[in-house]
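Working notes for the structure below.
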Amino acid sequence: MRHPTDGTLRRLLDEPAGVADADREHVSGCPACRAGLATAERDAQLTRAALDVDVTVDVDAGWSRLSQAVAADQPRRRPVAASRWRTALRKPVVAAFAAVALLGGASAAAAADWLEIFRTEQLAPVTLSQADLVALPDLDAYGKVEITQEVKVRQVADADAAEKASGLAVPRVRELPRGVTGQPAYQVGGRVNAVFTFSADKAARTAAATGRTLPPPPAGLDGSQFRLSAGPGVAGVWSEARGVPALIVARVVAPTAYSAGIPFRTAVDYLLSLPGVPENIKAQLRGYTGDATTLPLPVNSQYLTSSATEVGGTPATVLASRDGLITAVVWVKDGVVTAVAGSLSADEVVSVARGLGQR
Amino acid sequence: MRADLEEVFRSAYPRVVAVAARVLGSRDEAEDVAQEVFLTFGRSAVPAGEAVGWLSVAAAHTALNHLRSSRRRAAREEAAGDDGAVWPDVADTVVTLEERRRVRSALARLPRKHAVALVLRHSGLSYAEVAAALDLSPGSVGTTVRRAESALRKELNRHASSD
């Protein structure tokens, strides 16, 4: 028979039960394989010794620290300057990615996702985690969400690899703003798919939890399924110490929604009509849902200001934190969302955005 | 924050710190990474049943990212003649500080997936768990780990002989 692979030999060291009997028998009688096994064992031992660390942790102390970090995420309870700064720094980034979830003109994503993220935003600073790069909305309050294809975000070696992995043209920053140096780390996220099944019962319970009554859903909405899809996406991140992003240039294929049954717009309109959504935000969303190239950004004026600009002739939105620490500019073109964000001035992010070239 | 955060934290924290510590060689830095990872987890909708795998992979990636930034920091500090301030809290009874540094730098040079598989396997995840966490077939985990160990040994030898 053929010799088992190196991988099989390696597993034989750790989990002999996971290796087929025939392979085990072969190895025991094959000098070449036994030599290979010995080499594998030597390398494994070397690695074990090299990686060995004696780590005893104090779980209670760890939990206490995490609890404080969680609590410090709450608004008006952020005593540590550094963490506040970091929080602020990441806000527009989150806004930018949340915006991504709002695009495509009519995603059920729209209302619920934005509000969800924005609400979270007020309660807890959201880091630019992998999930943010290509995110789908949390619509659990209104039905059942089944992720049919999980997003896998990974770091890739360089822009070429990012382009190859995402299929997106990676924007090239021609001139870095002052103070931003070095090479970016590239992250790539694949496509994420989910099926959202609307449940009138769940939506009613959500409404009841806030003491409201659910308006009657349109005929056929209860039990309707919508397929939501977003990504792939790619981001170049220039970091300062400890991974705090100084500049992020991200590009994501805008989310889309498909419906086999009742029109998706009907569902969106209904979601927009649900209790608990502030009037001004509803109005903004309604005003925008007809145009897939405009950004329906309901800006919380307590934290952010927004203004309009253009990037290469495309309408774009500038978001700036009120403390002036961070700014983002986001625009959509041909179904692709691009965002430039960082601890920069509005002029700087817009300048980077307008100067982006194709590689 | 998710309701099961404390429960998951209490059961998985030692494992998550251990994964990060294998990458970083430092408990303090590993605890920082674990905190970061749990905060992200707390905001996520990762199913509880997949928590340990998710957290382990996240810890390995985050630690490898930190490794890269601390290598850059180390390079700057060395350039500035401030050597020795790089891993001040290495609790090391097996190999010397210099060897540890070689290990970190060798790890950082491995292909990311290989490095993660290696660290997860040596942190006690089974082949099936590593496979599930990295979306590999169980059969290819052995191959990946084997290649990573071989590459690590070569990196270590190369550097040992070049010093």
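Protein chains in written order, with numbering that gives the first Met the number 0: chain P, 0 to 358; chain B, 0 to 162.
Ideal Cβ positions, reconstructed from N, Cα and C, are used throughout, including at glycine.
- Of the candidates Y185/P, R1/P, R64/P and T337/P, R64/P places its Cα closest to the Cα of R9/B.
- According to DSSP, F37/B shares a beta bridge with no other residue.
- Taking a cut-off of 8 angstroms for Cβ pairs, the segment 14-29 of chain P and the segment 42-52 of chain P do not touch, as fewer than three such pairs fall below it.
- For Q44/P, the uninterrupted alpha helix (DSSP H) segment begins and ends at P30 to L50.
- For D57/P, the closest C-alpha among the options N64/B, G52/B, F40/B and A17/B is that of A17/B.
- The continuous alpha helix (DSSP H) containing Q67/P extends over residues V58 to A71.
- S55/B is positioned such that its CB atom lies closer than 8 angstroms to that of V15/B.
- For the 8 angstroms CB-CB criterion, L135/B and T143/B form a contact.
- In terms of Cα proximity to W53/B, the closest of R101/B, E98/B, L106/B and V129/B is V129/B.
- Listed by position along chain B, the residues whose Cβ is nearer than 7 angstroms to that of T4/P are T142.
- Residue environment analysis places N156/B among the exposed positions, since fewer than 16 neighbouring C-beta atoms fall within 10 angstroms of its C-beta.
- Only L117, V118, R120, H121, S122, S125, Y126 and A127 from the segment 114-133 of chain B bring a Cβ to less than 9 angstroms from some Cβ of chain P.
- For chain P, the residues of the segment 6-21 of chain B that bring a beta carbon within less than 8 angstroms of one of its beta carbons are F8, R9, Y12, P13, V16, A17, A20 and R21, in chain order.
- When C-beta atoms of the segment 26-43 of chain B are compared with those of the segment 326-344 of chain P, fewer than three pairs fall below 8 angstroms, so the two segments do not count as touching.
- Around the beta carbon of R41/P, fewer than 16 other beta carbons lie within 10 angstroms, which makes this residue exposed.
- Non-local C-beta neighbours of A57/B in its own chain, meaning closer than 6 angstroms and more than five positions away in sequence, comprise V36, ordered along the chain.
- Counting along the chain, A338/P sits inside the beta strand (DSSP E) bounded by residues V335 to G341.
- The segment 164-196 of chain P is shown to contain no whole alpha helix (DSSP H) run of 4 or more residues.
- Closest in alpha carbon position to S238/P, among P231/P, T180/P and V328/P, is T180/P.
- For the set D333/P, L355/P, V335/P and V317/P, the Cα lying nearest the Cα of A345/P is the one of V317/P.
- Annotated three-state conformation of V102/B is helix, per DSSP.
- D333/P has a beta carbon lying at 8 angstroms or more from every beta carbon in chain B.
- Scanning its chain for C-beta atoms nearer than 6 angstroms, with the 5 sequence neighbours on each side dropped, one finds around V349/P the residues T308 and V328, in chain order.
- Neighbours of G48/B in chain P, taken as residues whose beta carbon is under 8 angstroms from its own, are absent, since the nearest beta carbon is some 14 angstroms off.
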